[in-house]
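K.L.:
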Amino acid sequence: MAKLIGIAFKTEKGGPMISASQAEVTQAKGVEDDVYGRPGKRQVTVMSLQQWQLACNDIGKDLSWLTRRANLLIDGLSFSQQDLGKRLAIGELVLEVTGETDPCNKMELACPALEKALQPDWRGGVTCRVIHGSHIQLNASVSF
Numbered sequence: 124m125a126k127l128i129g130i131a132f133k134t135e136k137g138g139p140m141i142s143a144s145q146a147e148v149t150q151a152k153g154v155e156d157d158v159y160g161r162p163g164k165r166q167v168t169v170m171s172l173q174q175w176q177l178a179c180n181d182i183g184k185d186l187s188w189l190t191r192r193a194n195l196l197i198d199g200l201s202f203s204q205q206d207l208g209k210r211l212a213i214g215e216l217v218l219e220v221t222g223e224t225d226p227c228n229k230m231e232l233a234c235p236a237l238e239k240a241l242q243p244d245w246r247g248g249v250t251c252r253v254i255h256g257s258h259i260q261l262n263a264s265v266s267f
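Just so you know, we're using my numbering here: the sequence shown kicks off at 124 and counts up by one.
1. Since K126 is in the beta strand (DSSP E), which residue starts that stretch and which ends it?
2. What are the boundary residues of the beta strand (DSSP E) that includes L195?
3. Going by CA-CA distance only, name the one from V249, P226, K164 that's closest to F202.
4. DSSP puts G222 in a beta bridge; with which residues?
5. At the level of alpha carbons, what is the spacing between T224 and G208?
6. Give a yes or no on whether the C-beta atoms belonging to S113 and A125 are separated by under 9 Å.
7. Using only alpha-carbon positions, find the residue among L196, S264, A131 that is nearest to V158.
8. Look up Q260 in the DSSP assignment and say whether it is helix, strand or coil.
9. With DSSP run on the structure shown, which of helix, strand or coil describes R210?
10. Quick check on this structure: which residue in K229, I259, R246 has the alpha carbon closest to the alpha carbon of Q176?
11. Which same chain residues end up closer than 7 Å to L200 when comparing Cβ atoms and leaving out the 5 residues on each side of it in sequence?
12. Determine, using beta carbons only, whether R192 and T221 come nearer to each other than 9 Å.
13. Going by DSSP in three states, M230 sits in which element: helix, strand or coil?
14. According to DSSP, is A178 helix, strand or coil?
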C-alpha cells in the first residue's frame, strides 16, 4: 500500500523548503502557507520516492527529496503520462493530476546532472489541483 512520507512547502519564492509532519491542504491555498498554492493546474506538486531514487542513482548521489522542491513525497507509487486526469487520494485529500512537473535549471544548480536525471519517465513528479481539501499527515494512505 502506498503512503505519504513527506510534506513540504515554501513561504517565499526561491525560499527554502520547510518540512512538516502534517498540513492543511485547501482549494484556496494548496499546501498551507505555500507561496505557489493558489488555484490552478500547478497547485500542489507530488513526487514518487522510487522515481526520485532512480534519478539519484543515475547521478551517484544520495540527495534529500527536498532538493526537488516538491510539496508531497509518496512511497509505493510511480507516475507516468497515463496518470493525467486521474484523481489521487491522500487520506481524505483528493488531487487531480494535471501534468508532469518539468525539471528546471534549479535542479542543475542544486546538483550537476540532476535536471537531466529527472527528465525520463516523469521522475520529476506531477502537478495537481486540489479537488477536495483536507488535513493530511505523514503515513496517510495513498491511492488512485
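Where a beta carbon is used, it is the ideal one built from N, C-alpha and C, also for glycine. Note that the structure is predicted; figures quoted are calculated from it, not measured.
P.N.:
From the atom records:
1. 125-132
2. 195-198
3. V249
4. T250
5. 14 Å
6. Here the chain comprises residues numbered 124 to 267, so residue 113 is not present and cannot be evaluated.
7. A131
8. strand
9. strand
10. R246
11. A125, S171, V265
12. no
13. helix
14. helix
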